Amino acid sequence: MIVIMLLSYCRGLLCSEVMAPGLRWDEKLRKYIGLAYKYAQVREYFSGSRISIEDKVLDPLPFPQIHDSVELRDYQAKALELWMKERGVIVLPTGAGKTVVALKAIAKLGVATLILVPTIDLMNQWHSQVMTRLGVDAGRLGGGYDSVKGITVSTYDSAYVRAEELGNRFALLIFDEVHHLPSEGYMNVAQMSAAPYRLGLTATPEREDGRHVLLDDLVGPVVFRTSPSQLSGKYLSEFETEKIYVNLTPEEEKRYYALREKFKRFLASRKIRLTSSQDFGKLVRMAYRSREAREALLAWHESTEIAVNSRAKVNKLRELLTLHDQEKTIVFTRNVELAYEISSLFLIPVITYRTPKDEREEILRLFREGKYRVVVTSNVLDEGIDVPDASLAIVLGGYGSRRQLVQRLGRILRKKDGKRAKFIEIVAKGTVDYSLSRRRGSASV
2 MIVIMLLSYC
12 RGLLCSEVMA
22 PGLRWDEKLR
32 KYIGLAYKYA
42 QVREYFSGSR
52 ISIEDKVLDP
62 LPFPQIHDSV
72 ELRDYQAKAL
82 ELWMKERGVI
92 VLPTGAGKTV
102 VALKAIAKLG
112 VATLILVPTI
122 DLMNQWHSQV
132 MTRLGVDAGR
142 LGGGYDSVKG
152 ITVSTYDSAY
162 VRAEELGNRF
172 ALLIFDEVHH
182 LPSEGYMNVA
192 QMSAAPYRLG
202 LTATPEREDG
212 RHVLLDDLVG
222 PVVFRTSPSQ
232 LSGKYLSEFE
242 TEKIYVNLTP
252 EEEKRYYALR
262 EKFKRFLASR
272 KIRLTSSQDF
282 GKLVRMAYRS
292 REAREALLAW
302 HESTEIAVNS
312 RAKVNKLREL
322 LTLHDQEKTI
332 VFTRNVELAY
342 EISSLFLIPV
352 ITYRTPKDER
362 EEILRLFREG
372 KYRVVVTSNV
382 LDEGIDVPDA
392 SLAIVLGGYG
402 SRRQLVQRLG
412 RILRKKDGKR
422 AKFIEIVAKG
432 TVDYSLSRRR
442 GSASV
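So the mapping is simple: the working numbering equals the position in the sequence shown, first residue as 1, plus 1.
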């Protein structure tokens, strides 16, 4: 007599009548349980152990009738080929067609698919691409939409809220901008899903907090990676990079070094060494309890603001805008207030997180049509918004993040006949701004 064991799904969990790796005994349920993302591993274990099971885990939505009009470039086809052999993360530069690769994966597998994105703008862009290239009106979750179909696009936030409900309804998960996934909340979306097929997409998987190491477990390893320089010329615009160094004004320099000295004295007095983001986090927590720590942290903040937003940078920007007056230009700042100040000084439109959606779309439309030649933005155009073609990026300030550098570069790399893009960073010499620029690295890699 053959005994068949039941394997089922319950609110983000696998429930099994027999032990398997990744499962533990639950006294209340009287079953072995584990997070649903271990489903493929558990299935493989039972198959290898010749344990007969009745698999009731997946209850996928019906896959719609599609019309596949997706054509891949050679590097996209290679990326998909490698992913089909080993699920995981595909790393392509901004503008290199990550979406197209994913759409082809959907067409090849033909299984219920949930596409996860960080913003409502990206949700709508994906919905449009699914309609155009696969001929399907995909479901949407987020931004006022509440429609779940065989192909659904959802924000990470909306999927997180409904993770238990969605966890066994899809066989393929696509994580756009997958570097967001390892955050404390979002990773639950991956863990509570039984989907055996997983595809991560990003231009830069690495995170400052180091949590990108969790992607191997949640999605899979990086299976394909290429850089902007490898694709420039044929698939992306040729580009050049330049760093322009400026000195703080005399007034800024005096104030900057006084503040830095105050900060350093505090660190020395407490024997504190800042060698990681965790060390800095400890200092922030200390500031809640100590007036001296709080004053030191404020000194650090003000000195950083002086360096990143120096008047010398604004003066150099004036020169560059005059020199490149025929180029379609995006000016990037780190500081929202500086973005508005530049907008006022040079009479150019500004886009920040404060800009209403309708106004932002109107600015980008006029920029696309050439009626606006220059726009200035803080960090809001780094990711999640389809920015029209531009040929010049001028960076006045940013964080020490490689990802931010690659994302900003990607805004000017869309291919156009005769176009040669240029990426310029303006850096304050001898300051923390110089250190941040070095941490970001070179845009040419």
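Just so you know, even glycine gets a beta-carbon here, dropped at the ideal spot from N, CA and C.
Source: prediction; values computed, not measured.
Straight-line measurement puts the Cα of G201 at about 18 angstroms from the Cα of Q405. Taking C-beta atoms as the reference points, A139 and T153 count as a pair closer than 8 angstroms. In this structure, S304 sits near Y257, with a CB-CB distance shorter than 8 angstroms. The alpha-carbon of V92 is positioned some 37 angstroms away from that of I54. When DSSP states are grouped into helix, strand and coil, L322 belongs to the helix group. Distance between S345 and T356, taken at the CA atoms: about 15 angstroms. Annotated three-state conformation of S233 is strand, per DSSP. Its chain contains G401 as the residues whose beta carbon lies nearer than 7 angstroms to that of R440, once the 5 sequence neighbours on both sides are disregarded; these appear in chain order.
Between R170 and T250 the beta-carbon gap is near 59 angstroms, outside 8 angstroms, which marks them as no contact.
I273 sits close to L284, with the two beta carbons spaced by under 8 angstroms. Assignment of A259 by DSSP, reduced to helix, strand and coil, places it in the helix class. V137 has its alpha-carbon roughly 42 angstroms from the corresponding atom of E426. Using a Cβ distance threshold of 8 angstroms, P222 and Y40 do not count as a contacting pair. Where A429 is concerned, the enclosing beta strand (DSSP E) starts and stops at R421 to A429. Counting along the chain, the unbroken alpha helix (DSSP H) around K86 starts and ends at D75 to K86. Nearest to L324 by alpha-carbon distance, out of K423, I52, S438 and C11, is K423. Under the DSSP assignment, K109 falls in the alpha helix (DSSP H) whose first and last residues are K99 to L110. Excluding the 5 residues flanking it on each side, A21 has same chain C-beta neighbours closer than 6 angstroms at V43 and Y46, in chain order. By the neighbour-count criterion, in which a residue is buried when 16 or more other Cβ atoms sit within 10 angstroms of its Cβ, S436 is exposed.
Each residue's CA atom was taken as its position, placing E320 and F333 some 16 angstroms apart. Shortest Cα-Cα distance from N248 to any of A429, L62, D56 and S159 involves A429. In the structure shown, M124 falls within a helical segment according to DSSP collapsed to helix, strand and coil. Per DSSP, reduced to three states, the secondary structure at F47 is helical. Boundaries of the beta strand (DSSP E) around T114: T114 to V118. Under DSSP, G211 forms no beta bridge with any residue. According to the DSSP assignment, E28 belongs to no beta strand (DSSP E), since it is labelled neither H nor E. Spatial neighbours of Y373 in its own chain (CB-CB distance under 7 angstroms, excluding positions within 5 residues in sequence) are listed in chain order as P350, I364 and L367.
Between the alpha carbons of S438 and I352 lies a gap of roughly 23 angstroms. D122 is the residue among G89, R31, D122 and R51 whose C-alpha sits nearest the C-alpha of D359. Residue environment: E328 is assigned as buried (16 or more neighbouring CB atoms within 10 Å of its CB, all protein chains considered).
E328 carries a coil assignment under DSSP once its states are collapsed to helix, strand and coil. Here K314 is buried, its C-beta having at least 16 other C-beta atoms within 10 Å.
Bounds of the beta strand (DSSP E) holding T203 are Y198 to T203. Around the beta carbon of L339, a 10 Å sphere encloses 16 or more other beta carbons of the protein chains shown; the residue is thus reported as buried. Remark: C-beta atoms of G411 and P206 do not approach each other more closely than 8 angstroms.
Around the beta carbon of E166, fewer than 16 other beta carbons lie within 10 angstroms, which makes this residue exposed.
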